[in-house]
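A.B. asks:
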Amino acid sequence: MDLAVIIVSYNVRALLASCLRSLQASLVACGCEAEVLVVDNASSDGSAAMVRAEFPAVRLLEPGANLGFARGNNEALRTLGFGHRGAAAERPFAVWLLNPDTEVVADTPARLLAHLRANPRIGAVGPSLRYGDGRFQHAAFAFPGLFQIVFDLFPGHPRLLESSLNGRYARAAYTAGCPFAVDMLLGAALMVRGEAVAQVGLLDEHYFMYAEELDWCRRLKRAGWAVKVVPAAVVVHHEGQSTRQFREAMFVALWRSRLRYYQKFERPVYVAVVRWLLRL
1083 MDLAVIIVSY NVRALLASCL RSLQASLVAC GCEAEVLVVD NASSDGSAAM
1133 VRAEFPAVRL LEPGANLGFA RGNNEALRTL GFGHRGAAAE RPFAVWLLNP
1183 DTEVVADTPA RLLAHLRANP RIGAVGPSLR YGDGRFQHAA FAFPGLFQIV
1233 FDLFPGHPRL LESSLNGRYA RAAYTAGCPF AVDMLLGAAL MVRGEAVAQV
1283 GLLDEHYFMY AEELDWCRRL KRAGWAVKVV PAAVVVHHEG QSTRQFREAM
1333 FVALWRSRLR YYQKFERPVY VAVVRWLLRL
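Going left to right, the sequence shown walks through residues 1083 to 1362 as this note's numbering numbers them.
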């Protein structure tokens, strides 16, 4: 199998339906052998029933609880033979983590797959992202340093927020059209080579929400895999529709996840600074 697409969804029925329709059309255009898996995190809005009725070809996983992003994706990855289950021959060439609040544009899957196939040392690729109104959205970031921590908690001048000091890559890199190397890709539309997943392992389930893709990309880079944005591939991302339902809880989850990331990968001074800032 060329591609397995994994969508972890929670209470965004209408957006999920739009996502699946756009994905269905783009996979037909791609002509690749693909499977779509939806992990429904115990939605109460009829999402699971909608998938069964309108998208019978989609494999629906219903764990019966809200597993969060990492555990939800891992549930599907294990079903595909990653982790401790299944033989390597059964696994797809690539897996694509896709948010339910996205819409896939035209030949995006084909472009991402082609770049992975043409470059054996690239472990992960991602598309350009756009908001629903067409505005630019950052699809990739540098690994976070102390400046990013400060900017996130105490936003400053917009030009600083858009700068490399805040982990942003220049918009010119996207508009130039050539694939470019990055530290990490946003998990909204993250395609990873199956071989790389098998090497570095599944997502860290200690993250309930946020920083999972940051952790994964850090492990990919540490294992010698390149990570790139393919600007000609485009996905529309209606950002934060699931988490908007629980703003305060998600802020706490964000910083718990970031603290775990710093504890895993950075010097103790980072952890100390984060703990100090969170007390302010």
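Backbone N, C-alpha and C define an ideal beta-carbon position, used for all residues, glycine too.
None of the values given here were measured: they were computed from a predicted structure.
So, is T1257 buried or exposed, given that buried needs 16 or more other C-beta atoms within 10 angstroms?
C.D. replies: Exposed.
A.B. asks: Using the three-state DSSP reduction, which class does W1178 fall into: helix, strand or coil?
C.D. replies: Three-state result, W1178: strand.
A.B. asks: Is there contact here, the region 1125-1141 with the region 1219-1226, by at least three beta-carbon pairs under 8 Å?
C.D. replies: Counting Cβ pairs under 8 Å, fewer than three are found: no touch.
A.B. asks: Decide if the region 1249-1265 is in contact with the region 1180-1187; the criterion is three or more beta carbon pairs, one per stretch, under 8 Å apart.
C.D. replies: Output reads no: the region 1180-1187 does not touch the region 1249-1265.
A.B. asks: Once you ignore the five residues that flank V1118 on each side, which residues in its own chain have a CB closer than 6 Å to its CB?
C.D. replies: Only V1087, V1140 meet the Cβ criterion.
A.B. asks: Rounded to whole angstroms, what's the CA-CA distance from C1299 to L1267? Just pull it up for me.
C.D. replies: Taking the straight line from one Cα to the other gives about 7 Å.
A.B. asks: Return the first residue and the last residue of the beta strand (DSSP E) that D1122 is part of.
C.D. replies: Unbroken beta strand (DSSP E) run through D1122: 1116-1122.
A.B. asks: Taking the alpha helix (DSSP H) that E1294 falls in, what are its first and last residues?
C.D. replies: Element bounds for E1294: 1294-1304.
A.B. asks: Which residues share a DSSP beta bridge with M1273?
C.D. replies: The partner list for M1273 (beta bridge, DSSP) reads W1178, V1207.
A.B. asks: Would R1173 be called buried (16 or more neighbouring beta carbons within 10 Å of its own) or exposed?
C.D. replies: By the neighbour-count rule (16 or more Cβ atoms within 10 Å), R1173 is buried.
A.B. asks: Let me check one thing: in DSSP terms, what residues is H1319 bridge-paired to?
C.D. replies: According to DSSP, which records beta bridges pairwise, H1319 is partnered with T1184.
A.B. asks: Taking Cβ positions, are V1120 and L1142 nearer each other than 7 Å?
C.D. replies: Result yes, Cβ atoms of V1120 and L1142 sit closer than 7 Å.
A.B. asks: Please name the residue, chosen from S1100, L1285, L1102, that lies closest to E1157 on a Cα-to-Cα basis.
C.D. replies: Comparing Cα positions, the closest option is L1285.
A.B. asks: In this structure, how does DSSP classify A1354 when only helix, strand and coil are distinguished?
C.D. replies: A1354: helix per DSSP, three-state reduction.
A.B. asks: Mind checking who K1310 pairs with in its DSSP beta bridge?
C.D. replies: The partner list for K1310 (beta bridge, DSSP) reads V1207, A1263.
A.B. asks: If you count every other CB in all the chains shown that lies within 10 Å of the CB of Q1345, and 16 or more means buried, which is it?
C.D. replies: Q1345 comes out exposed.
A.B. asks: Do you know how far the Cα of S1210 is from the Cα of V1279?
C.D. replies: Their backbone Cα atoms lie some 22 Å apart in a straight line.
A.B. asks: Check S1091 in the structure and name its three-state DSSP category.
C.D. replies: Strand at S1091.
A.B. asks: Which word fits E1115, buried or exposed, when buried means at least 16 other C-beta atoms lie within 10 angstroms of its C-beta?
C.D. replies: When all chains shown are included, E1115 counts as exposed.
A.B. asks: Determine the contact status of F1175 and G1276, defining contact as a CB-CB distance below 7 Å.
C.D. replies: Their beta carbons are under 7 Å apart, which means F1175 touches G1276 by this criterion.
A.B. asks: Hey, would you say F1151 sits closer than 7 Å to V1090, going by beta carbons?
C.D. replies: Contact flag set, yes.
A.B. asks: From V1309 to K1303, what distance separates their C-alpha atoms?
C.D. replies: Approximately 7 Å between the Cα atoms of the pair.
A.B. asks: When the Cα of N1093 is compared with those of V1274, R1342, G1283, S1125, which residue comes out closest?
C.D. replies: Closest by alpha carbon: S1125.
A.B. asks: State the start and end residues of the unbroken beta strand (DSSP E) segment that holds L1143.
C.D. replies: First-last of the beta strand (DSSP E) with L1143: 1141-1143.
A.B. asks: What does a CB cutoff of less than 6 Å around L1362 pick up in its chain, not counting 5 residues either side in sequence?
C.D. replies: Confidence is the limiting factor: at L1362 the pLDDT is only 48, short of 50, which leaves the residue's position unreliable, though a coordinate-based value still follows. Cβ neighbours of L1362 beyond the five flanking positions: none.
A.B. asks: Can you say whether P1313 is buried or exposed, counting buried as having 16 or more other CB atoms within 10 angstroms of its CB?
C.D. replies: Counting Cβ neighbours within 10 Å, P1313 comes out buried, since at least 16 surround it.
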